[in-house]
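The block underneath contains the structure these notes are about, expressed in structure tokens.
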Amino acid sequence: ENARIAREHMQHVRISRAKGVFEKGYEANWTEEIFRIHRILEWRNPRVYELNDLSGEVIDGIFYEQELAGVNKNLQEEEFIVDKVIRRRGRGANKEFFVSWWGYPSKFNSWIAASNIKLL
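For the sequence shown, our numbering gives the first residue as 3, with consecutive numbering after it.
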């Protein structure tokens, strides 16, 4: 019951990711993409959740509590992983990259300043 109460107050969550038959056990069980709880359907038994993505778009489907993992991060300070550099523009201090983000759909692709990229 305590976990259920805590879930109501967690605004950001990740979704459980189904693994294929031959996937390794050490690979992630949760999506990279972070979602927000849009609505809790308390009248359903068991209780289910509607989610929206970080752009505010409600995603299809409903999710059981067991399929959600709370995210206790400040997303303003979160560092996201660049999947691929798609395009480049500018020079010197004005250089920018159009990037796709690891684990996020293409609608989140964006231009970022080269100075905001940290090599790992």
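Quick reminder that beta carbons are idealized off the backbone N, C-alpha and C, glycines included.
- The shortest C-alpha to C-alpha distance from Ser-18 to any of Gly-58, Tyr-66, Arg-93 and Glu-80 is the one to Tyr-66.
- Here Ile-39 is buried, its C-beta having at least 16 other C-beta atoms within 10 Å.
- Boundaries for Lys-120: no beta strand (DSSP E) harbours it, and the DSSP string shows neither H nor E there.
- Contact fails between the stretch 97-105 and the stretch 42-51, because fewer than three Cβ pairs, one in each stretch, are under 8 Å apart.
- In this model, Glu-69 and Lys-109 are separated by some 24 Å (Cα to Cα).
- Burial is judged here by how many other beta carbons sit within 10 angstroms of a residue's own beta carbon; Arg-46 has fewer than 16 and is exposed.
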